[in-house]
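Chemist: FYI, UniProt numbering numbers position 18 of the sequence shown as 18, with every residue one higher than the one before it.
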Amino acid sequence: MSKSRQHEFSQALYDIIYHALINQGVNKEQAAAIAEESTDTVLDEFGGENLYIPKNISGKAARRNRTIYEEFTGDNHDELAKKYGVTLQRIYTIIKEQRQFELSSRQFCLWDDQDKNNT
1 MSKSRQHEFS QALYDIIYHA LINQGVNKEQ AAAIAEESTD TVLDEFGGEN LYIPKNISGK
61 AARRNRTIYE EFTGDNHDEL AKKYGVTLQR IYTIIKEQRQ FELSSRQFCL WDDQDKNNT
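(1) On the three-state DSSP scale, how would you describe TYR52?
(2) Does DSSP classify PHE72 as helix, strand or coil?
(3) So, do the stretch 90-110 and the stretch 70-80 have three or more beta carbon pairs nearer to each other than 8 Å?
(4) Using only the alpha-carbon positions, how far apart do GLN11 and ILE34 sit?
(5) Excluding the 5 residues flanking ASN27 on each side, which residues of the same chain have their C-beta closer than 7 Å to its C-beta?
(6) Between LEU13, GLY85 and TYR52, which has its C-alpha nearest THR39's C-alpha?
(7) By how many angstroms is the C-alpha of PHE9 removed from the C-alpha of ILE17?
(8) Taking the alpha carbon of ARG64 as the point to measure from, which residue in LEU103, ILE22, ILE91 and SER104 has its own alpha carbon closest?
Rendered as structure tokens:
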């Protein structure tokens with residue numbers, strides 16, 4: 001990475017941390033100090049490494065899907081599709097998947113993992 005790209009990355013990292021802290025209500029002086037320390041820590045920890053940073057698309061989609069399910073009232077499929085920029089069919093699928101996930105997480109299992117391994 002060239003020196004200018006290194007500077008761009010460290011400045012972008014600092015800015016992201018600083019603005020996230022400001023958005024959480026941290027005062028400017030504290031936000032600047034925390035952002036600087038955090039940026040230095042990341043650069044010290046990973047400096048010189050060839051690092052791949054994933055876009056976290058699946059994580060964002062999972063959070064979006066949970067939010068859609070939480071906002072679902074039973075008759076607002078069209079509204080949710082427009083709000084989140086997905087098709088009506090996708091809303092139905094998301095609701096179905098989230099409902100199944102919620103039900104499966106609430107169900108009681110009669111066998112623990114140890115019992116399954118013994119059979």
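Glycine is no exception: its CB is placed at the ideal position from the N, C-alpha and C atoms.
Modeler: So, from the data block:
(1) coil
(2) coil
(3) yes
(4) 14 Å
(5) none
(6) LEU13
(7) 12 Å
(8) ILE91
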